[in-house]
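A.B. asks:
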Amino acid sequence: MIKTIEYVDGMVRMIDQTRLPAEKVFVDCKTIEEVGQAIKTMVIRGAPAIGVAAAMGVSLGADAITAANFDEFYDAMKRQCDRLGKSRPTAVNLAWAIDRMKQVARDSKNFSIAAVKVRLKQEALAILTEDVSINKSMGQHGQTLVKNGNVILTHCNAGALATAGFGTALGVIRASVNAGKNVRVLANETRPFLQGARLTAWELKEDGIPVKLITDNMCGFFMKNQQVDMVIVGADRIAKNGDVANKIGTYMVAVLAKENRIPFYVAAPVSTLDFALASGDEIPIEERSAEEVVNINGKRIAPEGIEVAHPAFDITPNKLVTAIITENGIARAPYTASLQTMVKKK
Ligand code: MRU
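The opening position of the sequence shown corresponds to residue 11 in the working numbering, with each subsequent residue numbered one higher.
1) Let me confirm a value: K356 is counted as buried when at least 16 other C-beta atoms fall within 10 Å, else exposed. Which label applies?
2) Just to confirm, is the Cβ distance from A77 to I108 under 9 Å?
3) Quick one: does the C-beta of P58 sit closer than 8 Å to a heavy atom of the ligand MRU?
4) Closest to A197 by C-alpha separation, out of F176, K191, G177 and D226, would be which residue?
5) Would you say the beta carbon of A174 comes nearer than 8 Å to a heavy atom of the ligand MRU?
6) Tell me whether F83 is buried or exposed, calling it buried when 16 or more other Cβ atoms sit within 10 Å of its Cβ.
7) Taking only heavy atoms of the ligand MRU into account, decide whether any of them is closer than 8 Å to the Cβ of H151.
8) If contacts are defined as beta-carbon pairs under 8 Å, then S281 and G67 qualify, I think. What distance do you get, rounded to the angstrom?
9) Give a yes or no on whether the C-beta atoms belonging to G175 and K13 are separated by under 9 Å.
10) Counting only runs that start and end within the segment 122-189, where is the beta strand (DSSP E) found for 3 or more residues in a row?
11) Quick check on T282: does DSSP put it in helix, strand or coil?
12) Bridge partners for G6 per DSSP, in chain order?
13) What are the uninterrupted segments assigned as beta strand (DSSP E) that are 3 or more residues long and contained completely in the segment 254-332, given in chain order?
14) How would you call R93, buried or exposed, if buried means at least 16 neighbouring beta carbons within 10 angstroms?
15) Count the other CB atoms within 10 Å of the CB of G152; is the residue buried (16 or more) or exposed (fewer)?
16) Which same chain residues end up closer than 7 Å to R98 when comparing Cβ atoms and leaving out the 5 residues on each side of it in sequence?
17) For K222, which of helix, strand or coil comes out of DSSP?
18) For A48, name the three-state secondary structure that DSSP assigns.
19) Roughly how many whole angstroms lie between the Cα atoms of T28 and N120?
20) Taking buried to mean at least 16 other C-beta atoms within 10 Å of its own C-beta, is P313 buried or exposed?
21) If you draw a straight line from the C-alpha of D73 to the C-alpha of C91, how long is it?
22) Looking at the structure shown, is V195 part of a helix, part of a strand, or coil, going by DSSP?
23) Classify D246 as helix, strand or coil using the three-state DSSP reduction.
24) Classify R208 as helix, strand or coil using the three-state DSSP reduction.
25) For the alpha helix (DSSP H) that M111 lies in, which residues bound it at each end?
26) Exposed or buried, A333, counting other C-beta atoms within 10 Å across all chains shown (16 or more means buried)?
27) Checking 9 Å against the spacing of the C-beta atoms, do M52 and F203 come in under that value?
28) Let me check you understand the geometry: is the CB of Q205 closer than 8 Å to at least one non-hydrogen atom of the ligand MRU?
29) Specify, as a first and last residue, the run of the beta strand (DSSP E) that I15 falls within.
30) Is it right to say V318 is buried, meaning 16 or more other beta carbons lie within 10 angstroms of its own, or is it exposed?
31) Since M24 is in the beta strand (DSSP E), which residue starts that stretch and which ends it?
32) Let me know if V18 comes out buried or exposed under the rule of 16 or more other beta-carbons within 10 Å of its beta-carbon.
33) Could you spell out the range, first to last residue, of the beta strand (DSSP E) harbouring V37?
34) Less than 8 Å between the CB atoms is what I'm expecting for D239 and V142, so what's the real figure, rounded?
35) Comparing C-alpha positions only, which one of S299, N328, V221 and A207 sits nearest to P273?
36) Under DSSP, the alpha helix (DSSP H) around K354 begins and ends at which residues?
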């Protein structure tokens, strides 16, 4: 499996997810600004991967600061972090990673600036390594819900490409396969950015996990015809009450799952929980460019001058969520209490 993101010779190297699966090309970021641009343009995407990229970006930014003392250094770092924090609004892992890096800097204020920079780089690498082991733990918990022979429907890409490796929703699927279960995946193509068709289909096929691609509007057909045993998706942010922000279309999938009595699971690390927000109503929803809707693979499909809407995420209310799988266990309703215990177990 190709590495989603890594440090190479003082640069942050990412596989360009806008070009997959047609081309496997890499983007090397030398500055925090280039990392911010890569997040914005979705060269790297998926909540945990955005968090890892942000941490590495902060480290690159810190390396470039020349300052006479810690306060000067930290002021400059904070300004860089504020700009990076604006690159995408919905996935809370971005702010989570930046806050964690800022905390490391503050905890190191009595060190030399050179030593602070070293500690920041070590922290970014720790966030990357931890992400993979978190996903493996999540997979272990999640696979207990999966039975041999199950067909699992997923939306968007919550796989190795959306994380530092292994994946969240696809991590549960990988762990089920590793536990010897035969599972098959139905992948929604996920218009308009096609993360399902381009990324989920690609990475599962690479791993030899049986996957069938469908367009988003076909998923109700398969659910009604009893060809789906469960849905597993990732999340970009989960509010205190268990409302889930995830890729646009997730809400539609959850409603269809409820109607057809199919369990709807969300797999997400604790870093995706945002207890500062009481409900999903407070989660900021990114509005992306109309160009991504009116074009497919660079080819215009809609009339010139047409009015377009493009919310990139939606909110699935907690009442539609059967369980939330984290690295620390499986949370069930009422989520306000159960999600707290997931964090305390950390
Ligand atoms: O716009 P994207 O591709 O960054 O959206 C990604 C998703 O919605 C994923 O499902 C989510 O980030 C979880 S990834 C493990």
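A virtual CB, placed ideally from N, CA and C, is assigned to each residue, including glycine. Source: prediction; values computed, not measured.
C.D. replies: The structure says:
1) Reliability of the predicted coordinates at K356 is poor, the pLDDT of 47 falling under 50, and the value obtained from them is presented with this limitation in mind. K356 should be labelled exposed.
2) no
3) yes
4) D226
5) no
6) buried
7) no
8) Not a contact, Cβ separation roughly 16 Å.
9) yes
10) 161-164
11) helix
12) Limits of the chain in this structure are 11 at one end and 356 at the other, which puts residue 6 out of reach.
13) 254-257, 274-277 and 323-326
14) exposed
15) buried
16) I49, K50, I60, L104 and E296
17) strand
18) helix
19) 42 Å
20) exposed
21) 13 Å
22) strand
23) coil
24) helix
25) N103 to D117
26) buried
27) yes
28) yes
29) I15 to V18
30) exposed
31) M21 to I25
32) exposed
33) F36 to C39
34) Not quite, the Cβ-Cβ distance comes to about 27 Å (not below 8 Å), so this is no contact.
35) N328
36) Y345 to K354
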